[in-house]
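When we follow our numbering, the leftmost residue of the sequence shown carries the number 1320, and every step to the right adds one. Glycine residues also receive a C-beta, built at the ideal position from the N, C-alpha and C atoms. The next block holds one structure in the form of structure tokens; read it before the comments.
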Amino acid sequence: MVLIALGAVCICQYMFSALPEKAKIRLNLKECVARALKISPEIESEESKLGIAKAQYQETLSLKYLSNIELTNISTIAPAVNLAKNDLLDLGTRNDWTRVGLFNKFELKFIQPIYTFGRIRNSIEAARFGVEAQEKSISQKQNEITFRIIKLYYARLLAEELLGVVEEAKKIVNKAVSTLEEMLTDLNSSSVSETDLFRMRLFSYEIEKLYRDVVKEKTLTLSSLKLMLDYGDDVSFDVSDEFLEPEVYQILNLRDYKEMMIKCRPEIARLNAAVAAQNALKKVSQSLYYPQIFISGGTSLAFAPIRDDIKNPFLSDPWNYTRLGVVLGISLPLNFPQIKARIRKQEYSVEKIEAQKSATLNLFFLEVEKAYRNLINSKKDMEDNKKALRMSREWLTTEQITFDLDASNTKDLAEAVKEYIRVKTEYYSSIYQYNIAVAELKLVTGIVD
């Protein structure tokens, strides 16, 4: 039996040693953001939309040269016909379907705009602003994803710090439990009772529950970050930073942030591009009131060898001919009521986007002020919590010394430990909130790093 057990152990060790080792990856915040932006399907979707907008722009740009060019080739069979003594007016001439041959017709037509009173130019402008608007949509999505990564990254560091707080509390409580157990087993010690031990053990159970909650939060946060970065189960991923530190950031005044928001926020730039595009489309519609000057031309060639070729220039022969020509043309649509309605529709579209821009600006001003006030408060909370943590640590140290001298003072020690956990948790949470407040202010002003 012993040999069998040893054999099983050896087999298990061999199987586990044969498993491929997971690749270990550690990334800092900038590296996490860079990877998320690189592999994000949301950005890929926005880039596809940008590709469509650029293709539309190229299509519109091609209207400047040969806006319409068409090549046609037709092949079929044709009946034979022979002119009797070259008599073109012989009424008895008939198609001879007993003899057929090849008929081929080749046509090339083109239209080259000369002057369109701004129709093509403004169409190109509208398409260009469409590309610009979509580029700003990509910037907006990049900012949103960056903010999400920042929140997850700092949440991961916060969970690690809170885990350290709980582990520190566990050591203190476990040491107190061991001390009480030793004193209760000592028959000469009468300064402690079973009640003191029960009270401390119950408190240790609370610490264990808190520990499990923090471990769960740490695991979920890391899994979320790993999912955002598209790492599979074959990768052992974690952040490279070990400690949660407040971000070094110089806070400006509120007016500066509002000015930056107007200049830098992608949503504002996208709305500006949309207004410009609609104005360009309105000018396209207005150009329909004016004639369009163009050159039209082409060539047409038809031949049916089995039929006699009529050389008389006064007679038209659809079976054998060669034509080539270029003309100067003018076109003017006369559906003026429809043109007027189209222009009015474009004007309403411009007014609609302008109203959206005004409402959006007001909303963004409130967002900037809210984020600014939140950052100011978060910084103050962090500073106050740092002072409170210093006092809480002094209190805990005092109670530990008192407990060492009088182990029956379990209630005060438990209270000191609870307060220490609470204050230190609030301190690290305030650092997290401060860092997120900085990131949020950058997001709402459009200056995300």
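With DSSP as the reference, label residue 1393 as helix, strand or coil.
-> What you label residue 1393 is simply residue 74 of the sequence shown in a count that begins at 1. Looking at residue 1393 - three-state DSSP - the assignment turns out to be strand.
Cβ distance (whole Å) where residue 1563 is taken to contact residue 1691 below 8 Å | For this step, residue 1563 is matched to residue 244 along the sequence shown. For this step, residue 1691 is matched to residue 372 along the sequence shown. At roughly 23 Å, the Cβ-Cβ gap does not stay under 8 Å, so residue 1563 and residue 1691 are not in contact.
Cα-Cα separation between residue 1595 and residue 1428, rounded to whole angstroms = The residue you call residue 1595 lines up with position 276 of the sequence shown. The residue you call residue 1428 lines up with position 109 of the sequence shown. Residue 1595 and residue 1428: Cα-Cα distance of roughly 35 Å.
Excluding five sequence neighbours on each side, which residues of the same chain lie with their C-beta closer than 7 Å to the C-beta of residue 1626?
-> Locating residue 1626 in the sequence shown gives position 307, counting from the first residue. Result list for residue 1626: 1397, 1399, 1400, 1638 and 1639, in chain order.
When DSSP builds the beta bridges, which residues end up paired with residue 1426?
-> Within the sequence shown, residue 1426 is the residue found at index 107, counting from 1. 1391 and 1619, per the DSSP bridge assignment.
Could you give the residue range of the alpha helix (DSSP H) that holds residue 1608?
-> Mapped onto the sequence shown, residue 1608 falls at position 289. Per DSSP, residue 1608 belongs to no alpha helix (DSSP H) and is neither H nor E.
Mind checking who residue 1635 pairs with in its DSSP beta bridge?
-> For the purposes of this step, residue 1635 is taken as residue 316 along the sequence shown, with counting starting at 1. Partner(s): none; residue 1635 has no beta bridge.
Bridge partner(s) assigned by DSSP for residue 1557 = As a position in the sequence shown, residue 1557 is number 238, starting the count at 1. In DSSP, residue 1557 forms a bridge with 1345.
Considering only C-alpha positions, which residue in the set 1450, 1426 and 1437 is nearest to residue 1375?
-> Your numbering for residue 1375 matches position 56 in the sequence shown. Residue 1375 has its Cα closest to that of 1450, out of 1450, 1426 and 1437.
From 1440, 1456, 1740 and 1753, residue whose alpha carbon lies closest to that of residue 1606 | For this step, residue 1606 is matched to residue 287 along the sequence shown. Residue 1440 is the option with its Cα nearest to residue 1606.
Determine the burial state of residue 1768: buried for a count of at least 16 other Cβ atoms within 10 Å of its Cβ, exposed for fewer.
-> Position 449 of the sequence shown holds residue 1768. When all chains shown are included, residue 1768 counts as exposed.
Backbone secondary structure at residue 1432 - three-state DSSP = The residue given as residue 1432 occupies position 113 in the sequence shown. Strand.
Could you spell out the range, first to last residue, of the beta strand (DSSP E) harbouring residue 1650?
-> Against the sequence shown, residue 1650 aligns to sequence position 331. From DSSP, the beta strand (DSSP E) with residue 1650 extends over 1640 to 1650.
Rounded straight-line distance, which links the Cα of residue 1448 to that of residue 1681 | To locate residue 1681, count along the sequence shown from 1; it is residue 362. To locate residue 1448, count along the sequence shown from 1; it is residue 129. Between residue 1681 and residue 1448, the C-alpha separation is close to 24 Å.
Expected contact under 8 Å - CB spacing of residue 1360 and residue 1459 to nearest Å | Along the sequence shown, one-based indexing puts residue 1360 at 41. Along the sequence shown, one-based indexing puts residue 1459 at 140. That pair is no contact at about 16 Å.
Does the pairing of the segment 1750 to 1759 with the segment 1696 to 1715 give three or more beta-carbon distances under 8 Å?
-> yes
Do residue 1452 and residue 1593 have their C-beta atoms within less than 8 Å of each other?
-> Taking the sequence shown and counting its residues from 1, one reaches residue 1452 at position 133. Taking the sequence shown and counting its residues from 1, one reaches residue 1593 at position 274. Their beta carbons are under 8 Å apart, which means residue 1452 touches residue 1593 by this criterion.
Going straight from the alpha carbon of residue 1635 to that of residue 1629, what length do you get?
-> One-based indexing of the sequence shown puts residue 1635 at position 316. One-based indexing of the sequence shown puts residue 1629 at position 310. Cα-Cα distance, rounded: 8 Å.
Taking only the alpha-carbon atoms, compute the straight-line gap between residue 1418 and residue 1432 and give it to the nearest angstrom.
-> As a position in the sequence shown, residue 1418 is number 99, starting the count at 1. As a position in the sequence shown, residue 1432 is number 113, starting the count at 1. Straight-line Cα distance between these residues: approximately 46 Å.
Using a threshold of 8 Å, state whether the C-beta atoms of residue 1522 and residue 1492 are closer than that.
-> The residue given as residue 1522 occupies position 203 in the sequence shown. The residue given as residue 1492 occupies position 173 in the sequence shown. Closer than 8 Å, so yes.
Distance CB(residue 1484)-CB(residue 1744) smaller than 8 Å = Numbered from 1 along the sequence shown, position 165 holds the residue referred to as residue 1484. Numbered from 1 along the sequence shown, position 425 holds the residue referred to as residue 1744. A contact, by the Cβ cut-off of 8 Å.
What residues in its chain sit with their C-beta under 7 Å from that of residue 1338, if we drop five residues either side in the sequence?
-> For the purposes of this step, residue 1338 is identified with residue 19 of the sequence shown, where counting begins at 1. Because the pLDDT at residue 1338 is just 45, under 50, the model does not fix this residue reliably, and the value given afterwards should be weighed accordingly. The answer is none, since no qualifying residue turns up.
Residue 1763 to residue 1580, Cα distance in whole Å?
-> Translated into the one-based positions of the sequence shown, residue 1763 becomes position 444. Translated into the one-based positions of the sequence shown, residue 1580 becomes position 261. Each residue's alpha carbon lies about 7 Å from the other.
Between the C-alpha atoms of residue 1519 and residue 1551, what's the straight-line distance to the nearest angstrom?
-> If you number the sequence shown from 1, residue 1519 lands on position 200. If you number the sequence shown from 1, residue 1551 lands on position 232. Cα-Cα distance, rounded: 43 Å.
Under the three-state DSSP convention, the category residue 1515 falls into = Counted from its first residue, the sequence shown places residue 1515 at position 196. Helix, per DSSP.
Taking the C-alpha atoms as reference points, what is the distance between residue 1675 and residue 1463?
-> Numbered from 1 along the sequence shown, position 356 holds the residue referred to as residue 1675. Numbered from 1 along the sequence shown, position 144 holds the residue referred to as residue 1463. Approximately 21 Å, taken between the alpha carbons.
For the alpha helix (DSSP H) containing residue 1500, list its first residue and its last residue.
-> What you label residue 1500 is simply residue 181 of the sequence shown in a count that begins at 1. Its alpha helix (DSSP H) spans residues 1438 to 1504.
Where does residue 1345 land, buried or exposed, given buried means 16+ other C-beta within 10 angstroms?
-> For this step, residue 1345 is matched to residue 26 along the sequence shown. With fewer than 16 Cβ atoms within 10 Å of its Cβ, residue 1345 is classed as exposed.
Using the Cα positions of residue 1747 and residue 1457, report the straight-line distance between them to the nearest angstrom.
-> As a working note, residue 1747 is residue 428 in the sequence shown. As a working note, residue 1457 is residue 138 in the sequence shown. Cα to Cα, residue 1747 sits roughly 34 Å from residue 1457.
Are residue 1341 and residue 1534 touching if we call contact CB-CB under 8 Å?
-> Stepping through the sequence shown from its first residue, residue 1341 is reached at position 22. Stepping through the sequence shown from its first residue, residue 1534 is reached at position 215. Cβ atoms of residue 1341 and residue 1534: not closer than 8 Å.
Inter-residue Cα distance where the pair is residue 1601 and residue 1576 | Mapped onto the sequence shown, residue 1601 falls at position 282. Mapped onto the sequence shown, residue 1576 falls at position 257. About 34 Å.
Taking the runs of the alpha helix (DSSP H) that are 4 residues or longer, which of them lie wholly in the segment 1569 to 1602?
-> 1573 to 1583
In this structure, does DSSP put residue 1725 in helix, strand or coil?
-> Here residue 1725 refers to the residue found at position 406 when the sequence shown is read from its first residue. In this structure, residue 1725 counts as coil in the three-state DSSP scheme.
In chain order, what residues of the same chain have a beta carbon less than 6 Å from the beta carbon of residue 1435, not counting five sequence neighbours either side?
-> As a first step, residue 1435 is located in the sequence shown; it is residue number 116 there, counting from the start. So the qualifying residues of the chain are 1611.
Give me the Cα-Cα distance between residue 1437 and residue 1382, rounded to the nearest whole angstrom.
-> For the purposes of this step, residue 1437 is taken as the residue at position 118 of the sequence shown. For the purposes of this step, residue 1382 is taken as the residue at position 63 of the sequence shown. Cα-Cα distance, rounded: 12 Å.
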